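Q: Here it is, the structure in full.
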Amino acid sequence: MNRYKPKPANPANKVDQLIEQTHRNRVERERGYRAQALKMYPWICGRCEREFTHSNLRELTVHHRDHNHDNNPPDGSNWELLCLYCHDNEHARFIDAQWGGSSTPASPDQETVTHKPFEALADLLKRKE
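The opening residue of the sequence shown carries number 4 in the working numbering; numbering runs sequentially from there.
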């Protein structure tokens with residue numbers, strides 16, 4: 004008697020399937036909130052005010068104001084439409100602020116620099132004269 008035995012699961016194949024499913028879910032989620040945002044808001048960049056038509060709509064992106072791509076309220080309060088350039092600029096500014104590139108501390112518990120390495124430089128230069 005010849006019985007069918009399923010092949011043992013290949014761990015690499017499971018990882019590939021998981022990655023593929025994750026990618027598919029992300030694309031579907033993005034398609035959903037993008038379509039909602041495009042119906043909800045005028046096709047204008049929220050920063051530079053560039054207007055878009057069907058021919059260049061692919062250059063208009065949905066930006067999450069809190070930078071959390073899983074926060075997609077149905078009223079669209081976490082979204083704004085930005086052109087590719089303004090969207091990239093917004094994310095670059097956010098990354099700079101996270102790494103201390105802004106003039107104000109990112110959080111209240113962040114330490115401020117108090118050391119002034121060149122404070123006594125003028126006195127040192129005067130002594131040598």
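Think of the CB as a built atom: it goes at the ideal place given N, C-alpha and C, for glycine as much as any other residue. What you are looking at is a predicted structure, and each value in this text was computed from that prediction instead of being measured.
#1: Only counting runs of 3 or more residues, tell me where the beta strand (DSSP E) segments fall wholly within the region 72-111, in order along the chain.
#2: My output table needs one value for Arg130: the three-state DSSP class, helix, strand or coil.
#3: Looking at the secondary structure, which residues open and close the beta strand (DSSP E) in which Cys63 lies?
#4: Just to confirm my understanding: we take Arg50, look at its own chain, exclude 5 residues before and 5 after, and list those with CB closer than 8 Å. What are they?
#5: Confirm, please, whether the CB-CB distance from Asn81 to Arg96 is below 9 Å.
#6: Judging by CA-CA distance, which residue of Pro77, Leu128, Gln101 is the nearest neighbour of Gln39?
#7: I'd like to confirm the pairing. Which residues does DSSP put opposite Ile22 in its beta bridges?
#8: Cα separation between Arg29 and Gly103?
#9: Whole angstroms are fine: how far does the CA of Lys42 sit from the CA of Leu21?
A: Put simply:
#1: 82-86
#2: If DSSP states are grouped into helix, strand and coil, Arg130 belongs with the helices.
#3: Just to set this straight, residue 63 is Leu in the shown sequence, not Cys. Here the beta strand (DSSP E) through Leu63 covers 63-67.
#4: Leu85, Cys86, Cys89, Asn92, Glu93
#5: Taking 9 Å as the Cβ cut-off, Arg96 and Asn81 do not qualify as a contacting pair.
#6: Considering only alpha carbons, the answer is Pro77.
#7: Answer is none; Ile22 lacks a bridge partner.
#8: 30 Å
#9: 32 Å
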